[in-house]
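Student: Numbering (this note's numbering), first residue to last: 65 to 408. C-beta atoms are modelled at their ideal positions from N, C-alpha and C, and glycine is treated no differently.
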Ligand code: DAH
């Protein structure tokens, strides 16, 4: 082959290639054209390279430069076509549908335990109660002594209480807020104290080392157990529904005398007995009682002049029975896939 013949076939390729590349409509077609043009085994560039070797020595330089230039142009055109075909293929698999509704964004929700607290607070607010808060790291005297716990009461044992120091604990209940409030404000007092409390318990279906409580306290002249019963029954009907019946059982707490526990008829089985109420037909909601005179005196009040009543409830327990959840860990693990189901 002469140099001019060789160059003629190079120019032929340079003229053919752009149209061939542009004509590919799919990535498969593109691959076939690429193989035909620049494939190592049988591509036209490879053929030309083979022909180049047979040219006279003095022609090789010019011929070689021209082949390399054409090869570079073809490769650039192939790359551009490939990018265009890939973009088109992607667009075709996810076409823009302008009629599609927008994606809903997860905005978060109020935790089921907080939902209970919010509702309890709302009901007592209607009755003229205000919110009082106290520290979670609490003096042992406020947590126990002022609340009339005898010096050897088992609740004060290191096995049950998390001590921060000799005289400081993580509060085991919200009842110390009673004492702090009475020290600070003269009666009449009507407060609700929601907050977290701590016990030296391991997680099991009905225990958690930290959980929420809501404390209530009323102190004034002439307050009686009838006030306690009427107010808490009203609360139960507002919270669980107008049909709800309540029952008060005698109980014991060091800081109340007399003491009681209030049950409500199980809303799941309506008293017939089911798994949620452990076949009893009743669900325990709270502990309550008339504030012990020793507590009033510890807070600096004259227990001859003033009387009061108090209650304490566990909103997590209430949330569990409300939703028929069998294990408190389901609430306190805070798995969003669970909590997502209680959007109010
Ligand atoms: N402090 C008690 C507890 O943690 C709950 C309680 C019971 C609070 C009776 C009260 C009450 O105010 O009157 O178990």
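1. Report the option in 255, 115, 307 whose CA atom is closest to the CA atom of residue 190.
2. How about residue 231 and residue 204: do their beta carbons lie closer than 7 angstroms?
3. Given the structure, does residue 304 come close to ligand 1, in the sense that its CB is under 6 angstroms from one of the ligand's heavy atoms?
4. Use the C-beta contact count for residue 160: other C-beta atoms within 10 angstroms, 16 or more gives buried, fewer gives exposed.
5. Could you give the DSSP three-state label for residue 386: helix, strand or coil?
6. How about residue 383 and residue 392: do their beta carbons lie closer than 7 angstroms?
7. Kindly give me the distance between the Cβ atoms of residue 261 and residue 281, rounded to whole angstroms, as I take these residues to be in contact under 8 angstroms.
8. Counting beta carbon pairs with one atom in the region 339-346 and one in the region 360-377, are three or more of them shorter than 8 angstroms?
9. Three or more C-beta pairs under 8 angstroms: does that hold for the region 231-245 against the region 266-280?
10. For residue 300, which residues in the same chain have their Cβ closer than 8 angstroms to its Cβ, ignoring the five residues on either side in sequence?
11. Looking at the structure shown, is residue 259 part of a helix, part of a strand, or coil, going by DSSP?
12. Rounded to the nearest angstrom, how far is the Cβ of residue 179 from that of residue 363, given a contact under 8 angstroms?
13. Taking contact to mean at least 3 C-beta pairs separated by less than 8 angstroms, is the region 135-154 in contact with the region 91-106?
14. Quick one: grab the DSSP three-state call for residue 436.
15. So residue 205 is in the alpha helix (DSSP H); what residue range does that whole segment cover?
16. I need the boundaries of the beta strand (DSSP E) containing residue 273, first residue and last residue.
17. Quick check on this structure: which residue in 304, 318, 316 has the alpha carbon closest to the alpha carbon of residue 332?
18. Is the beta carbon of residue 233 sitting closer than 7 angstroms to the one on residue 210?
19. Go through its chain and collect everything with a Cβ distance to residue 128's Cβ below 7 angstroms, but skip five positions before and after it.
20. Which residues in the same chain have their Cβ closer than 8 angstroms to the Cβ of residue 202, if we skip the five residues on either side of it in sequence?
21. Tell me whether residue 176 is buried or exposed, calling it buried when 16 or more other Cβ atoms sit within 10 Å of its Cβ.
22. Quick check: residue 87 and residue 134, are their CB atoms within less than 7 angstroms of each other?
23. When you measure from the CB of residue 210 to every non-hydrogen atom of ligand 1, does any distance come out below 6 angstroms?
24. Count the other CB atoms, across all protein chains shown, that sit within 10 Å of the CB of residue 84; report buried if there are 16 or more and exposed otherwise.
25. Measure the beta-carbon distance from residue 171 to residue 226 and round it to whole angstroms, keeping in mind my assumption that it falls under 8 angstroms.
26. In the DSSP assignment, find the beta strand (DSSP E) that holds residue 376 and state where it starts and stops.
27. Rounded C-beta distance between residue 91 and residue 149? I'm assuming under 8 angstroms.
28. Label residue 316 either buried or exposed according to how many other C-beta atoms from any shown protein chain fall within 10 Å of its C-beta, with 16 as the threshold for buried.
29. So, helix, strand or coil for residue 92, using DSSP?
30. Going by DSSP in three states, residue 300 sits in which element: helix, strand or coil?
31. Does DSSP put residue 280 in a helix, a strand or coil?
32. Flag this pair as yes or no: are the beta carbons of residue 394 and residue 402 separated by less than 7 angstroms?
33. Considering only C-alpha positions, which residue in the set 286, 214, 118, 330 is nearest to residue 386?
34. If you count every other CB in all the chains shown that lies within 10 Å of the CB of residue 114, and 16 or more means buried, which is it?
35. Helix or strand or just coil, what does DSSP make of residue 366?
36. Helix, strand or coil, according to DSSP, for residue 193 in the structure here?
Tutor: Reading it off the structure:
1. Nearest in C-alpha terms to residue 190, of all of 255, 115, 307, is 255.
2. For residue 231 and residue 204, yes; Cβs fall inside 7 angstroms.
3. Because no heavy atom of ligand 1 lies under 6 angstroms away, the Cβ of residue 304 does not count as near it: no.
4. Around the CB of residue 160, fewer than 16 other CB atoms lie within 10 Å, so the residue is classed as exposed.
5. Helix.
6. No, these two residues do not count as a Cβ contact at 7 angstroms.
7. No, residue 261 and residue 281 are not in contact; Cβ-Cβ is about 16 angstroms, not under 8 angstroms.
8. Segments in contact, no.
9. Enough Cβ pairs lie closer than 8 angstroms, so yes.
10. Cβ contact annotation for residue 300 (same chain, cutoff 8 angstroms, sequence separation greater than five): 308, 310, 326, 328, 349, in chain order.
11. If DSSP states are grouped into helix, strand and coil, residue 259 belongs with the strands.
12. Between the beta-carbon of residue 179 and that of residue 363 there is about 32 angstroms, and that puts the pair past the 8 angstroms contact cut.
13. At 8 angstroms Cβ cutoff, the stretches touch.
14. Any question about residue 436 goes unanswered here, given that the chain covers just 65 to 408.
15. Residue 205 -> alpha helix (DSSP H) spans 204-207.
16. Unbroken run through residue 273: none, as it is neither H nor E.
17. Answer by Cα proximity: 304.
18. No. Outside cutoff.
19. Correct list, in chain order: 116.
20. For residue 202, same chain residues with a beta-carbon under 8 angstroms away, outside a window of 5 residues either side, are 232, 233, 234, 235, 240 in chain order.
21. Counting Cβ neighbours within 10 Å, residue 176 comes out buried, since at least 16 surround it.
22. The answer is no: Cβ separation not under 7 angstroms.
23. False, no ligand heavy atom lies under 6 angstroms from that Cβ.
24. It counts as buried.
25. In this structure residue 171 is not in contact with residue 226, their Cβ atoms being roughly 35 angstroms apart against a cut-off of 8 angstroms.
26. For residue 376, the enclosing beta strand (DSSP E) begins and ends at 371-377.
27. Rounded to whole angstroms, the Cβ separation of residue 91 and residue 149 is 5 angstroms, and the two are in contact under 8 angstroms.
28. By the 16-neighbour rule on beta-carbons within 10 angstroms, residue 316 is exposed.
29. Reduced to three states, the DSSP call for residue 92 is helix.
30. Three-state result, residue 300: helix.
31. Looking at residue 280 - three-state DSSP - the assignment turns out to be strand.
32. Taking C-beta atoms as the reference points, residue 394 and residue 402 count as a pair closer than 7 angstroms.
33. Comparing Cα-Cα distances from residue 386 to each of 286, 214, 118, 330, the minimum goes to 330.
34. Counting every other CB atom within 10 Å of its CB across the protein chains shown gives residue 114 a total below 16, marking it as exposed.
35. Residue 366: coil per DSSP, three-state reduction.
36. The answer is coil: DSSP assigns residue 193 none of H, G, I, E or B.
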